[in-house]
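Engineer:
Residue numbers (my numbering): 10 to 145.
(1) What is the DSSP secondary structure of residue 131, counted as helix, strand or coil?
(2) Would residue 83 and residue 64 be called neighbours here (beta carbons separated by less than 7 angstroms)?
(3) Hey, is the segment 64 to 83 in contact with the segment 36 to 53, meaning 3+ C-beta pairs nearer than 8 angstroms?
(4) In whole angstroms, what is the alpha-carbon distance linking residue 48 and residue 61?
(5) Got a sec? Which residues, its chain only, sit under 7 angstroms from residue 113 by beta carbon, not counting five neighbours each side?
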(Lines of atoms letter the chains of each structure in order from A and count residues from 1; the text may use other names and numbers.)
(Lines give C-alpha, C1' and ligand atoms only; values in the text may rest on other atoms or scores of the structure.)
Protein backbone atom coordinates (compact mmCIF):
# COMPACT_ATOMS: atom_id res chain seq x y z
CA UNK A 1 0.00 0.00 0.00
CA UNK A 2 1.41 3.40 -0.97
CA UNK A 3 2.19 5.89 1.77
CA UNK A 4 0.20 9.13 1.74
CA UNK A 5 1.96 12.00 -0.05
CA UNK A 6 1.85 14.26 2.99
CA UNK A 7 3.64 11.66 5.05
CA UNK A 8 6.32 11.32 2.39
CA UNK A 9 6.83 15.10 2.17
CA UNK A 10 7.06 15.25 5.94
CA UNK A 11 9.73 12.54 5.87
CA UNK A 12 11.67 14.47 3.20
CA UNK A 13 11.52 17.69 5.22
CA UNK A 14 12.76 15.82 8.29
CA UNK A 15 15.60 14.20 6.34
CA UNK A 16 16.52 17.54 4.77
CA UNK A 17 16.58 19.37 8.08
CA UNK A 18 18.88 16.74 9.53
CA UNK A 19 21.29 16.98 6.60
CA UNK A 20 21.92 20.69 7.16
CA UNK A 21 25.19 21.22 8.95
CA UNK A 22 24.76 22.96 12.29
CA UNK A 23 25.71 26.62 12.46
CA UNK A 24 27.85 27.08 15.55
CA UNK A 25 27.31 30.40 17.33
CA UNK A 26 29.19 32.08 20.18
CA UNK A 27 28.08 35.18 22.03
CA UNK A 28 29.89 37.91 23.92
CA UNK A 29 27.63 39.04 26.74
CA UNK A 30 28.44 40.00 30.33
CA UNK A 31 25.23 38.26 31.45
CA UNK A 32 25.57 34.65 30.22
CA UNK A 33 22.06 33.62 31.36
CA UNK A 34 20.55 36.46 29.31
CA UNK A 35 22.66 35.45 26.30
CA UNK A 36 21.42 31.87 26.62
CA UNK A 37 17.77 32.96 26.78
CA UNK A 38 17.97 35.44 23.90
CA UNK A 39 20.01 33.16 21.63
CA UNK A 40 17.73 30.25 22.55
CA UNK A 41 14.70 32.27 21.45
CA UNK A 42 16.42 33.25 18.19
CA UNK A 43 17.30 29.60 17.53
CA UNK A 44 13.70 28.58 18.20
CA UNK A 45 12.39 31.28 15.82
CA UNK A 46 14.61 30.19 12.91
CA UNK A 47 14.73 26.42 13.50
CA UNK A 48 12.74 25.65 10.35
CA UNK A 49 15.39 27.40 8.27
CA UNK A 50 18.67 27.00 10.18
CA UNK A 51 20.18 24.54 12.64
CA UNK A 52 21.94 26.95 14.98
CA UNK A 53 23.72 25.71 18.10
CA UNK A 54 24.85 28.14 20.83
CA UNK A 55 28.24 26.67 21.70
CA UNK A 56 29.64 29.26 24.10
CA UNK A 57 29.70 32.73 25.61
CA UNK A 58 32.46 35.03 26.74
CA UNK A 59 31.57 37.50 29.47
CA UNK A 60 34.69 39.56 28.74
CA UNK A 61 36.54 40.92 25.74
CA UNK A 62 39.73 39.29 27.07
CA UNK A 63 38.03 35.90 26.95
CA UNK A 64 36.91 36.11 23.30
CA UNK A 65 40.11 34.80 21.70
CA UNK A 66 40.44 31.82 24.05
CA UNK A 67 36.73 30.95 23.61
CA UNK A 68 37.12 30.99 19.83
CA UNK A 69 40.34 28.94 19.91
CA UNK A 70 38.95 26.35 22.33
CA UNK A 71 35.65 25.80 20.53
CA UNK A 72 35.95 22.83 18.17
CA UNK A 73 34.86 22.70 15.48
CA UNK A 74 35.29 26.48 15.26
CA UNK A 75 32.19 28.66 15.52
CA UNK A 76 30.60 30.07 12.38
CA UNK A 77 29.03 33.19 13.93
CA UNK A 78 29.79 35.57 16.79
CA UNK A 79 27.11 37.84 18.28
CA UNK A 80 28.06 40.87 20.41
CA UNK A 81 25.44 41.98 22.91
CA UNK A 82 24.18 45.55 23.10
CA UNK A 83 25.96 46.34 26.37
CA UNK A 84 29.24 46.83 24.49
CA UNK A 85 30.14 50.26 23.10
CA UNK A 86 30.62 50.54 19.34
CA UNK A 87 34.39 50.59 19.91
CA UNK A 88 34.26 47.46 22.07
CA UNK A 89 32.09 45.70 19.50
CA UNK A 90 34.57 46.63 16.79
CA UNK A 91 37.41 45.21 18.92
CA UNK A 92 35.47 41.99 19.62
CA UNK A 93 34.65 41.49 15.94
CA UNK A 94 38.26 42.23 14.93
CA UNK A 95 39.52 39.60 17.41
CA UNK A 96 37.00 37.11 16.00
CA UNK A 97 37.96 37.72 12.37
CA UNK A 98 41.69 37.54 13.13
CA UNK A 99 41.25 34.33 15.13
CA UNK A 100 38.84 32.59 12.74
CA UNK A 101 39.05 33.96 9.19
CA UNK A 102 35.62 33.83 7.59
CA UNK A 103 33.63 33.95 10.83
CA UNK A 104 30.44 35.99 10.51
CA UNK A 105 29.83 38.60 13.17
CA UNK A 106 27.02 40.82 14.39
CA UNK A 107 27.09 43.70 16.80
CA UNK A 108 23.69 44.47 18.28
CA UNK A 109 23.30 48.26 18.45
CA UNK A 110 24.57 49.65 21.74
CA UNK A 111 21.75 50.17 24.23
CA UNK A 112 19.13 48.33 22.18
CA UNK A 113 18.34 45.92 25.03
CA UNK A 114 17.58 48.87 27.32
CA UNK A 115 15.29 50.38 24.66
CA UNK A 116 13.38 47.30 23.47
CA UNK A 117 14.05 44.55 26.03
CA UNK A 118 14.93 40.93 25.31
CA UNK A 119 11.97 40.36 22.97
CA UNK A 120 13.10 43.32 20.86
CA UNK A 121 16.62 41.89 20.68
CA UNK A 122 15.22 38.55 19.53
CA UNK A 123 13.15 40.30 16.82
CA UNK A 124 16.20 42.32 15.72
CA UNK A 125 18.39 39.21 15.41
CA UNK A 126 15.71 37.11 13.69
CA UNK A 127 15.19 39.91 11.14
CA UNK A 128 18.95 40.12 10.51
CA UNK A 129 19.94 36.43 10.52
CA UNK A 130 19.70 35.95 6.74
CA UNK A 131 21.97 38.96 6.12
CA UNK A 132 24.40 37.87 8.83
CA UNK A 133 24.71 34.39 7.34
CA UNK A 134 25.09 35.82 3.81
CA UNK A 135 27.99 38.03 4.98
CA UNK A 136 31.18 37.47 3.00
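Ideal Cβ positions, reconstructed from N, Cα and C, are used throughout, including at glycine.
Structural biologist: In short, the structure shows the following:
(1) Counted from its first residue, the chain shown places residue 131 at position 122. Note: residue 131 maps to helix in three-state DSSP.
(2) The count along the chain shown starts at 1 and reaches residue 83 at position 74. The count along the chain shown starts at 1 and reaches residue 64 at position 55. If you check the CB distance, residue 83 and residue 64 do not come in under 7 angstroms.
(3) At 8 angstroms Cβ cutoff, the stretches touch.
(4) Walking along the chain shown from the start, residue 48 turns up at place 39. Walking along the chain shown from the start, residue 61 turns up at place 52. The straight-line gap from Cα to Cα measures roughly 9 angstroms.
(5) Along the chain shown, one-based indexing puts residue 113 at 104. Excluding residues within five positions, the ones whose Cβ falls inside 7 angstroms are 85, 86, 141, 142, 144.
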